[in-house]
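Chemist: Quick one: the structure is below, questions incoming.
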Amino acid sequence: GSTTGDSWTTTAGSGVTGLGTVAKPFATISQAMTVATPGDTIFIDAGLFAETVVINADSISLIGKDSNATVIDPPGANSTVGLYGIYAIGRKGLLIRTLGVTGAYDGIRFDNVDLSYISGDSISANGNYGILLLTGADTNTLIDNTSNFNWNGIYLNSNGNTVSNNVTDSNTNYGIYLTMSLSNTITNNTAMSNSYGIYLASTSKYNVVDNNTANSNTNRGIYLNSSSNNTVSNNAANANTGGGYGIYLF
14 GSTTGDSWTT TAGSGVTGLG TVAKPFATIS QAMTVATPGD TIFIDAGLFA
64 ETVVINADSI SLIGKDSNAT VIDPPGANST VGLYGIYAIG RKGLLIRTLG
114 VTGAYDGIRF DNVDLSYISG DSISANGNYG ILLLTGADTN TLIDNTSNFN
164 WNGIYLNSNG NTVSNNVTDS NTNYGIYLTM SLSNTITNNT AMSNSYGIYL
214 ASTSKYNVVD NNTANSNTNR GIYLNSSSNN TVSNNAANAN TGGGYGIYLF
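Take the sequence shown: its position 155, counted from the start at 1, is 168 in the numbering used here, and no numbers get skipped.
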């Protein structure tokens, strides 16, 4: 397809002479965002990018070379509230693929972002949430990501999303957490060595939790708290040590 408007970014690029071309790439993702328009793709080479990326247009794709090699690590302590790796508000049609995000307060934060994909990303060592979809961030797809060693792995306060084939491992609190969330599909994920593997709370309804593995969590594997009309099927929840509960309804 056409690459008109697409841009390239590499840590070896230039903030002065960079044109966003293969021959003269930008030095930062944020620099590429200043010229991006709806429908553009920003290709990001391997490297460590010390910045917060704010997506300020619809239908933008951020594509890294490899989620372990193309890493966003914003400057500052990961305990700093408001320090994000990738942030978007009020957008739609975004794609975040094969990027790593570490050292932020929230790794990837979508507020009121719809119809977007977070795919093949590696989110680790963030102080609060690895991936966060807040109220109004509906009908998104989170697939094939790893969200490990954060305070919480994946957090949804939103509706109609698909969370599939993700790994949430060794997060301090929750692997996958839904609160006040409706009609989401949580399937084929692995949530292990967290405090809680998969947790539905605060009137979360009409969600499907199917074919997940929630093993070796220190509290409960799958926990439904004050939630109703959900479907929980074909899951494995073994060797969870908190009270011996694999699947717990409260």
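Glycine residues also receive a C-beta, built at the ideal position from the N, C-alpha and C atoms.
Would you kindly report the start and end of the unbroken beta strand (DSSP E) that includes I42?
Modeler: Counting from 1 along the sequence shown, the entry for residue 42 is found at position 29. Here I42 belongs to no beta strand (DSSP E); instead the alpha helix (DSSP H) covers I42 to M46.
Chemist: With 16 other CB atoms within 10 Å as the buried threshold, where does G120 fall?
Modeler: Here residue 120 is taken as the residue at index 107 of the sequence shown, counted from 1. Result: buried.
Chemist: Is it true that the CB of V66 sits closer than 8 Å to the CB of I85?
Modeler: As a working mapping, residue 85 is identified with position 72 in the sequence shown. As a working mapping, residue 66 is identified with position 53 in the sequence shown. Yes, they are a contact pair.
Chemist: Would you call the region 136-144 and the region 160-173 in contact, with 3 or more CB pairs under 8 Å?
Modeler: Taking 8 Å as the limit for Cβ pairs, the verdict is that the region 160-173 does touch the region 136-144.
Chemist: Which ranges would you report for the beta strand (DSSP E) in the region 61-132 if only whole runs of at least 3 residues count?
Modeler: 66-68, 74-77, 83-85, 97-102, 108-110, 113-115, 119-124 and 130-132
Chemist: Could you tell me if G28 is buried or exposed, where buried requires 16 or more neighbouring beta carbons within 10 angstroms of its beta carbon?
Modeler: The residue labelled residue 28 in the question sits at position 15 within the sequence shown. Of the other Cβ atoms in all chains shown, fewer than 16 fall within 10 Å of the Cβ of G28; this residue is therefore exposed.
Chemist: Does the distance from the C-beta atom of N158 to that of I144 stay below 8 Å?
Modeler: For the purposes of this step, residue 158 is taken as residue 145 along the sequence shown, with counting starting at 1. For the purposes of this step, residue 144 is taken as residue 131 along the sequence shown, with counting starting at 1. Yes; because the gap between Cβ atoms is below 8 Å, this pair is in contact.
Chemist: What did DSSP end up calling L213 once you bin it into helix, strand or coil?
Modeler: By one-based count along the sequence shown, residue 213 stands at place 200. L213: strand per DSSP, three-state reduction.
Chemist: Taking N172 and N197 to be in contact with their CB atoms under 8 Å, please state how far apart those CB atoms are, rounded to whole angstroms.
Modeler: Residue numbering aside, residue 172 sits at position 159 when the sequence shown is read from its first letter. Residue numbering aside, residue 197 sits at position 184 when the sequence shown is read from its first letter. At roughly 7 Å, the Cβ-Cβ gap stays under 8 Å, so N172 and N197 are in contact.
Chemist: Please report the distance separating the alpha-carbon of N81 from that of G60.
Modeler: Start at 1 with the first residue of the sequence shown, and residue 81 comes out as number 68. Start at 1 with the first residue of the sequence shown, and residue 60 comes out as number 47. For the pair N81 and G60, the Cα-to-Cα distance works out to about 9 Å.
Chemist: Quick one: what's got a C-beta closer than 6 Å to V221's C-beta in the same chain, skipping five residues either side?
Modeler: Along the sequence shown, one-based indexing puts residue 221 at 208. Within the same chain, V221 has close Cβ partners T198 and T244.
Chemist: List the residues that DSSP assigns as beta-bridge partners of T54.
Modeler: Numbered from 1 along the sequence shown, position 41 holds the residue referred to as residue 54. For T54, which the question treats as bridged, DSSP gives the partners S74.
Chemist: On the three-state DSSP scale, how would you describe N165?
Modeler: In the sequence shown, counting from the first residue as 1, residue 165 sits at position 152. Strand at N165.
Chemist: State yes or no: is the C-beta of N170 within less than 8 Å of the C-beta of S194?
Modeler: Within the sequence shown, the letter at position 157 stands for residue 170. Within the sequence shown, the letter at position 181 stands for residue 194. Closer than 8 Å, so yes.
Chemist: Comparing alpha-carbon positions, which option in G116, L146 and L32 lies nearest L128?
Modeler: Position 115 of the sequence shown, counting from 1, holds the residue named residue 128. When each option's Cα is compared against that of L128, the closest is L146.
Chemist: If we count the other Cβ atoms within 10 Å of its Cβ and call it buried at 16 or more, is N253 buried or exposed?
Modeler: The residue you call residue 253 lines up with position 240 of the sequence shown. Buried is the call here.
Chemist: Output the boundary residues of the beta strand (DSSP E) element that contains L237.
Modeler: Along the sequence shown, one-based indexing puts residue 237 at 224. Taken as a continuous stretch (DSSP letters only), the beta strand (DSSP E) holding L237 covers R233 to N238.
Chemist: State buried or exposed for V114, treating a residue as buried only when at least 16 other CB atoms are found within 10 Å of its CB.
Modeler: Here residue 114 is taken as the residue at index 101 of the sequence shown, counted from 1. The residue is buried, with at least 16 neighbouring Cβ atoms inside 10 Å.
Chemist: With respect to the beta strand (DSSP E) encompassing M193, which residues constitute its N-terminal and C-terminal limits?
Modeler: Numbered from its first residue, the sequence shown carries residue 193 at position 180. Careful: M193 lies outside any beta strand (DSSP E) and carries neither H nor E.
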